[in-house]
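*Asks:* Below is a structure I'd like to ask you about.
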Amino acid sequence: MARPRQRPDNDDDEEDEQVRQLEASARALAAATPPPRRRSRSRRSHSHVHQATNLSRIPKQCGSPPTLRSKSLVNGRSNGSTPATPRAATLSHRVESSTQSLEQEVRLLRQKLAAIQQEKDSELHQIRQPLDKERQRFQQQQQQQTSPAEVQDPQQVQEQLKRQHESLQLKQQRLVQNCRNLR
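Right, dumping it as structure tokens:
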């Protein structure tokens, strides 16, 4: 049994309407152009008959597609009273499945982001450890240098502090550069 063809959605309705309009204009054009003339004795009456039939055909063909469309709108498809078509059900199923796949993809991306963040934190910790050790050593050296038991030449102490300060600045610059590279 052949089922009546159902219209899938609004886009197809617009295309169907355009096709109907094109067909109607093609019929009107075909009806307006007379067929090739046959040689007959009464040419006037023959052409007059064609004109009469052309005039009677045009309004019927041009008027029928809008009435069909208005009937389909009256039957309730536009006001939403009819149940969902099979195509609408498949579309909602597709939307639901694509939503689920997108949610799963978002979860995977969040997991990857957390793993990357952990990796960056561990690398940053590895970079900070030597720097912290250097700071502690520097502070210990300062405390030893300032202790009254050892009195050194102030110039030597100043040069030593200057060198240590420069080395710490270089290490700090490297650390900042490494942090920027991680981002």
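Numbering of the sequence shown is given in the numbering used here, commencing with residue 469 and proceeding in unit increments.
Ideal Cβ positions, reconstructed from N, Cα and C, are used throughout, including at glycine.
This structure is a prediction, so every number in the text was calculated from the model and none was measured.
Between H633 and H593, what straight-line distance do the alpha-carbon atoms span, to the nearest angstrom?
*Replies:* As a working note, residue 633 is residue 165 in the sequence shown. As a working note, residue 593 is residue 125 in the sequence shown. Rounded to whole angstroms, H633 to H593 spans 22 Å at the Cα level.
*Asks:* Check whether the Cβ atoms of N649 and I595 sit closer than 7 Å, and answer yes or no.
*Replies:* Taking the sequence shown and counting its residues from 1, one reaches residue 649 at position 181. Taking the sequence shown and counting its residues from 1, one reaches residue 595 at position 127. Not in contact: N649 and I595 (Cβ atoms no closer than 7 Å).
*Asks:* Between which two residues does the alpha helix (DSSP H) containing R642 stretch?
*Replies:* Against the sequence shown, residue 642 aligns to sequence position 174. Start and end: P622 to L650.
*Asks:* Compare the beta carbon distance of L629 and L599 with 7 Å and say whether it is the shorter of the two.
*Replies:* For the purposes of this step, residue 629 is taken as residue 161 along the sequence shown, with counting starting at 1. For the purposes of this step, residue 599 is taken as residue 131 along the sequence shown, with counting starting at 1. No.
*Asks:* What did DSSP end up calling T501 once you bin it into helix, strand or coil?
*Replies:* For this step, residue 501 is matched to residue 33 along the sequence shown. Note: T501 maps to coil in three-state DSSP.
*Asks:* Please look up how many angstroms separate the CB atoms of F606 and L570, rounded, as I've assumed it's under 8 Å.
*Replies:* Position 138 of the sequence shown, counted from the first residue, corresponds to residue 606. Position 102 of the sequence shown, counted from the first residue, corresponds to residue 570. Contact flag wrong, Cβ pair sits at about 53 Å.
*Asks:* Flag this pair as yes or no: are the beta carbons of V625 and Q613 separated by less than 7 Å?
*Replies:* Numbered from 1 along the sequence shown, position 157 holds the residue referred to as residue 625. Numbered from 1 along the sequence shown, position 145 holds the residue referred to as residue 613. Taking 7 Å as the Cβ cut-off, V625 and Q613 qualify as a contacting pair.
*Asks:* Look at the alpha carbon of Q586 and the alpha carbon of R562, and state the distance between them as a whole number of angstroms.
*Replies:* Stepping through the sequence shown from its first residue, residue 586 is reached at position 118. Stepping through the sequence shown from its first residue, residue 562 is reached at position 94. When rounded, the distance between both Cα atoms is 36 Å.
*Asks:* With a threshold of 6 Å on Cβ separation, who are the neighbours of D589 within its own chain once the five nearest residues in sequence on each side are excluded?
*Replies:* Against the sequence shown, residue 589 aligns to sequence position 121. If we look at D589 and ignore the five residues flanking it on each side, it has no Cβ neighbours.
*Asks:* To the nearest angstrom, report how far apart S566 and S560 are at their CA atoms.
*Replies:* Residue numbering aside, residue 566 sits at position 98 when the sequence shown is read from its first letter. Residue numbering aside, residue 560 sits at position 92 when the sequence shown is read from its first letter. Rounded to the nearest angstrom, the two C-alpha atoms are 10 Å apart.
*Asks:* Taking the alpha carbon of Q591 as the point to measure from, which residue in R651, R575 and Q641 has its own alpha carbon closest?
*Replies:* Within the sequence shown, numbered from 1, the residue matching residue 591 stands at position 123. Residue identity differs from the one stated: residue 591 is Glu in this sequence, not Gln. Out of R651, R575 and Q641, R651 has the C-alpha closest to the C-alpha of E591.
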